[in-house]
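Structure record follows, encoded as structure tokens.
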Amino acid sequence: MRRRGLTLAELVVTLVFLGILFTVVLVVVNRRIAAAREEARRMWCRGNLNQVAKSMATYLNEHGDNRFYPFPMGQGTRPGDFNGAEWIAALYWSGVMPDPGVYICPGSPDTNRNGVDIGTARAAPTFGSQTISYAGMHYRSGSVDWLPRPDRQPTGRKVSGVWRMPPGTGPYVLTNAAGEIAPGALRDDFPPNMPMASDDTQGPIHHRELMSVLFFDSHVEYKLGSEIDLRNGVGKPGGLLWQLRN
């Protein structure tokens, strides 16, 4: 008996089925590739923050008299101030971490043009939001006004709703020439459970659904969007990253 071939209708149905199957497989493969790439970017970002932590420890030893973290006053884009990105950039300016790639998160569109935009001993004129991908401590981070839970400072006096500590009593607060409490360089006894740096919140979110956060005890955690404001968390009062600045 002669074998009957596929009719045109059957051929069309078969091709449609194969097309749908191919599309489904392609979608699954692309998703897995995208997930693998995102995981690689997260690990790279985590590695960058680990390098920042190690560099901060080196800075303490080589430039901070084994006591003080960077205080790049006069090296930032604004006189008499420095932001979180410039605090981290102090590691580049001091030569402690000369690799410009460490300062760029692979999950962001940022670029510092291989260090050109960072500058050498201070911020270059092109230093901007794209130059450093991470938020860090800033000029006022060492001020008593930024101490966590100020309502639990029993030895100070309350001024305008903020506890002012007596000179020299705070763990990381300096005083000026007049003996008044003033912002200053952070000391090595800064609370280890506080964030040191994180993905910044300038531009698009670096990683889908989470943020990389470096703590003063040198460990890095991924914080989900349910735990932290991925778009506006840096510097947000009451949030984990309230002491950081972009």
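Residue numbers 83 to 328, in the numbering used here, belong to the letters of the sequence shown in order. Heads up, the beta-carbon is just placed ideally off N, CA and C, and yes, glycines get one too.
Presumed contact (8 Å Cβ cut-off) between residue i and residue j, rounded CB distance
i: residue 317; j: residue 327; result: 5 Å
i: residue 296; j: residue 135; result: 6 Å
i: residue 169; j: residue 219; result: 5 Å
i: residue 311; j: residue 216; result: Not a contact, Cβ separation roughly 16 Å.
i: residue 151; j: residue 267; result: 6 Å
i: residue 127; j: residue 189; result: 6 Å
i: residue 280; j: residue 294; result: 6 Å
Close beta carbons around residue i, own chain, < 6 Å, minus the five adjacent residues each side
i: residue 298; result: 272, 274, 276, 278
i: residue 163; result: 221
i: residue 186; result: 192, 215
i: residue 172; result: 152, 154
i: residue 207; result: none
i: residue 300; result: 135
Own chain residues within Cβ distance below 8 Å of residue i, not counting five before or after
i: residue 178; result: 137, 140, 141, 144, 145
i: residue 191; result: 212, 285, 286
i: residue 329; result: Residue 329 lies beyond the range of the chain shown here (83 to 328); nothing can be said about it.
i: residue 149; result: 142, 269, 270
i: residue 92; result: none
i: residue 120; result: 189, 289, 290
i: residue 322; result: 277, 295, 305, 309, 310, 315
Residues near residue i by beta carbon distance below 7 Å, same chain, minus five either side
i: residue 324; result: 317, 318
i: residue 132; result: 302
i: residue 306; result: 291, 292
Continuous beta strand (DSSP E) stretch holding residue i: start and end
i: residue 305; result: 302-306
i: residue 279; result: 277-281
i: residue 297; result: 292-297
Element boundaries [alpha helix (DSSP H), containing residue i]
i: residue 104; result: 90-144
Residue i Cβ short of 6 Å to the ligand SAH heavy atom set
i: residue 321; result: Among the ligands in the structure shown, none appear at all, so the ligand SAH cannot be discussed.
Chain D contact for residue i (CB, 7 Å cutoff)
i: residue 303; result: No chain D is present in this structure, which holds just one protein chain.
Query raised in the report: When the Cβ atoms of the region 93-111 are set against those of the region 146-162, are three or more pairs found closer than 8 Å?
Result: no
Query raised in the report: Counting pairs of Cβ atoms below 8 Å between the region 193-212 and the region 170-185, do you hit three or more?
Result: yes
Requested in this report: List in chain order: all unbroken beta strand (DSSP E) runs of 3+ residues lying wholly within the region 163-232.
Outcome: 216-218
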